[in-house]
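**Q** Below is the structure I would like to discuss, written out as structure tokens.
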Amino acid sequence: MEYEFRRNTLTGTLLANFTMEHEILGVWFVDELGENTELRQSICTTILALQQGSLNEKRYVGKGISIELDTEQVRVFANVLEMEDEFELDESMSLYNGESEAFCGLEDFEHALLSWQTFLKESR
Numbered sequence: 001m002e003y004e005f006r007r008n009t010l011t012g013t014l015l016a017n018f019t020m021e022h023e024i025l026g027v028w029f030v031d032e033l034g035e036n037t038e039l040r041q042s043i044c045t046t047i048l049a050l051q052q053g054s055l056n057e058k059r060y061v062g063k064g065i066s067i068e069l070d071t072e073q074v075r076v077f078a079n080v081l082e083m084e085d086e087f088e089l090d091e092s093m094s095l096y097n098g099e100s101e102a103f104c105g106l107e108d109f110e111h112a113l114l115s116w117q118t119f120l121k122e123s124r
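In UniProt numbering, the protein residues as written are 1 to 124.
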């Protein structure tokens, strides 16, 4: 999983670019996580609990994007996907998978999360 974190030097806007099949991760990092230290710490604690076997899974529901973590992988998905099961969308309204859902290994996600934390500290 490849990614790049940047901050617009003029506006201070955060940018997170992930490879095509993981695009929604970039949106999650910017729109849902941002500079929220409390959420970042909570997720790090969850990852540790998953790795130690004291927790099997955890879901964080965001405004538009949610994440599910288990002992092996992380699923990042647009909340609208949960509604697709209830409401049939017209074919023209279907979402491109990379923009609406992505899976990655727990360790890969942890590395990205730690890189995000380092990036935030260094880009101030």
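For every residue, glycine included, the Cβ atom is placed at its ideal position computed from N, Cα and C.
Could you check the C-alpha separation between residue 148 and E68 for me, to the nearest Å?
**A** With the chain represented from 1 up to 124, any question about residue 148 goes unanswered, as that position is not in the structure.
**Q** When burial is assigned at 16 or more other CB atoms within 10 Å of the CB, is E99 buried or exposed?
**A** Working through the sequence shown from its first residue, we reach residue 99 at position 99. The residue in question, E99, is exposed, as its Cβ has fewer than 16 Cβ neighbours within 10 Å.
**Q** Going by alpha carbons, who is nearest to E2 out of N8, E21 and Q41?
**A** In the sequence shown, residue 2 corresponds to position 2, counting from 1. Among N8, E21 and Q41, the Cα nearest to that of E2 belongs to E21.
**Q** Who are F119's beta bridge partners in DSSP?
**A** By 1-based counting over the sequence shown, the position of residue 119 is 119. None, per the DSSP bridge assignment.
**Q** Given the structure, does S54 come close to the ligand SAH, in the sense that its CB is under 8 Å from one of the ligand's heavy atoms?
**A** No copy of the ligand SAH appears in this structure; indeed no ligand is present at all.
**Q** Quick one: grab the DSSP three-state call for V74.
**A** Start at 1 with the first residue of the sequence shown, and residue 74 comes out as number 74. If DSSP states are grouped into helix, strand and coil, V74 belongs with the strands.
**Q** To which residues of the same chain is Q117 closer than 8 Å at the C-beta, ignoring the five residues directly before and after it?
**A** Here residue 117 is taken as the residue at index 117 of the sequence shown, counted from 1. R40, listed in sequence order.
**Q** Flag this pair as touching only if the region 36-52 and the region 101-110 have three or more C-beta atom pairs under 8 Å; answer yes or no.
**A** Contact between the region 36-52 and the region 101-110 is present, because at least three Cβ pairs lie under 8 Å.
**Q** At which residues does the beta strand (DSSP E) containing R59 begin and terminate?
**A** Working through the sequence shown from its first residue, we reach residue 59 at position 59. That run of the beta strand (DSSP E) goes E57 to Y60.
**Q** Reducing DSSP to helix, strand and coil, say where L113 ends up.
**A** Counted from its first residue, the sequence shown places residue 113 at position 113. In this structure, L113 counts as helix in the three-state DSSP scheme.
**Q** Nearest by alpha-carbon distance to S54: which of V80, A102, N8 and D70 is it?
**A** Locating residue 54 in the sequence shown gives position 54, counting from the first residue. Checking every option, the nearest Cα to that of S54 belongs to D70.
**Q** Would you mind sorting G26 into buried or exposed? The rule is 16 or more other CB atoms within 10 Å of its CB.
**A** Along the sequence shown, one-based indexing puts residue 26 at 26. So G26 counts as buried.
**Q** Run through the region 4-70 for me and flag every whole beta strand (DSSP E) of 3 or more residues, listed as ranges in chain order.
**A** The qualifying runs are 14-18, 57-60 and 65-70.
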